[in-house]
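Each residue of the sequence shown is one higher than the one before, counting from 226 in this note's numbering. Heads up, the beta-carbon is just placed ideally off N, CA and C, and yes, glycines get one too. Owing to the predicted nature of the structure, the values given are computational and were not obtained by experimental measurement.
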Amino acid sequence: MFNLAAWLDWSSGIWILGLVLLCVVNLASWSANLVSMPGNWLIVVVTAIYAYFFPEAASSGVGIYGIGILVVLAILGEVLEFVAGAAIAGKQGASRRAMAMAVVGTMVGSVLGAVFTLPIPILGPILGAVFGGAAGAFAGAWLGELWKGKSLDQGMRVGTGAMVGRLLGTSGKLLVGATMVVVAAVDACY
């Protein structure tokens with residue numbers, strides 16, 4: 226049977242191409258976090274696929290411990306995102322309906338924000354997705370509270386809490402995701 230690990234070494238162009246591809250796809254996966262997609266989990270999957278094709282050898286490759294660290298970091302990112310959003314909105318007295326609508330509003334707002342800011346090179350879609358998601362969280366929570374029969378003032382407080390929580394949660398998840406990209410790249414090299 227063909228042993229890919231034995232065929233590849235540090236001087237191999239295939240190994241370098243694989244490493245570059247891992248980094249590029251992981252960065253693209255990381256950017257999926259901006260539009261409320263599971264980007265950190267995509268990093269875990271992409272790195273696991275890389276580890277299958279480029280197994281840990283004496284000098285390089287991704288090992289089981291590297292994948293384990295990525296899984297722990299992905300869980301941490303999800304917890305940060307969920308806790309930040311729920312804690313701040315919940316502190317303002319948000320109903321379950323408002324929280325559910327904030328999640329839907331976040332997804333819709335992220336996509337619309339990214340689409341409407343496409344004409345602005347590079348940073349436009351990124352900032353549009355982040356702030357569109359925050360605006361969507363605000364709108365969803367606000368509408369959820371109004372639908373529940375709460376006052377405009379209560380809806381504004383809950384919506385503001387959902388928006389701030391979304392920004393903090395997204396920031397935490399992006400930071401964890403960036404750490405995951407670095408961990409995967411470093412583990413692939415050493």
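Helix, strand or coil for residue i, going by three-state DSSP, please let me know.
i: PRO350; result: helix
Can you name, in chain order, every residue of its own chain whose Cβ lies under 7 Å from the Cβ of residue i, other than the five neighbours on each side?
i: PHE356; result: GLY338
i: LEU252; result: VAL406
i: ALA403; result: TRP255
i: GLY353; result: GLY338, ALA339, PHE341 and THR342
When you compare only the Cα positions, how much space is there between residue i and residue j?
i: GLY238; j: ALA257; result: 29 Å
i: MET182; j: GLY365; result: Residue 182 lies beyond the range of the chain shown here (226 to 415); nothing can be said about it.
i: GLY384; j: GLY302; result: 23 Å
i: GLY361; j: TRP255; result: 21 Å
i: TYR275; j: SER335; result: 29 Å
i: LEU246; j: VAL271; result: 10 Å
i: GLU281; j: ALA273; result: 11 Å
i: GLY318; j: ILE351; result: 30 Å
i: MET326; j: LEU368; result: 8 Å
i: GLY386; j: GLY349; result: 25 Å
i: ILE313; j: VAL389; result: 7 Å
i: ILE289; j: PHE279; result: 12 Å
i: GLY243; j: GLY315; result: 45 Å
i: TYR277; j: PHE363; result: 42 Å
i: ARG382; j: TRP240; result: 53 Å
i: CYS414; j: PRO344; result: 37 Å
i: VAL250; j: VAL308; result: 28 Å
Quick check on this structure: which residue in the options has the alpha carbon closest to the alpha carbon of residue i?
i: VAL269; options: VAL287, GLY386 and PRO346; result: VAL287
i: LEU267; options: TRP240, PRO344 and MET405; result: MET405
i: VAL329; options: GLY402, ARG391, ALA409 and CYS414; result: ARG391
i: PRO263; options: ALA311, MET332 and GLY386; result: MET332
i: SER396; options: TYR277, TRP367 and VAL304; result: VAL304
i: VAL408; options: VAL297, PHE278, GLN317 and TYR277; result: VAL297
i: VAL260; options: GLY358, ALA314 and ILE313; result: GLY358
i: VAL401; options: LEU295, ILE345, LEU343 and THR342; result: LEU295
Does the ligand PLP have even one heavy atom less than 7 Å from the beta-carbon of residue i?
i: ALA359; result: With respect to small molecules bound, the structure shown includes none, and the ligand PLP cannot be examined in it.
Sorted by chain position, which residues of the same chain lie with C-beta nearer than 6 Å to residue i's C-beta, five sequence neighbours on each side aside?
i: LYS373; result: SER320 and ARG322
i: GLY293; result: none
i: GLY291; result: ASP412
i: ALA299; result: ASN265, TRP266 and VAL269
i: CYS248; result: ALA410
i: GLU306; result: GLY394 and LYS398
i: VAL340; result: none
i: GLY310; result: GLY390, ARG391 and GLY394
Near residue i, which residues of its chain fall below 8 Å by C-beta distance, leaving aside the five closest residues on each side in sequence?
i: LEU371; result: LEU377 and GLY380
Query - Whole runs of the alpha helix (DSSP H) within the region 243–280, excluding any shorter than 4 residues - result: With a minimum length of 4 residues, the continuous alpha helix (DSSP H) runs that stay inside the region 243–280 are 264–278.
Query raised in the report: Which runs of the alpha helix (DSSP H), 4 residues or longer, sit entirely within the region 338–410?
Result: Taking only runs of at least 4 residues, the alpha helix (DSSP H) segments lying wholly in the region 338–410 are 348–372.
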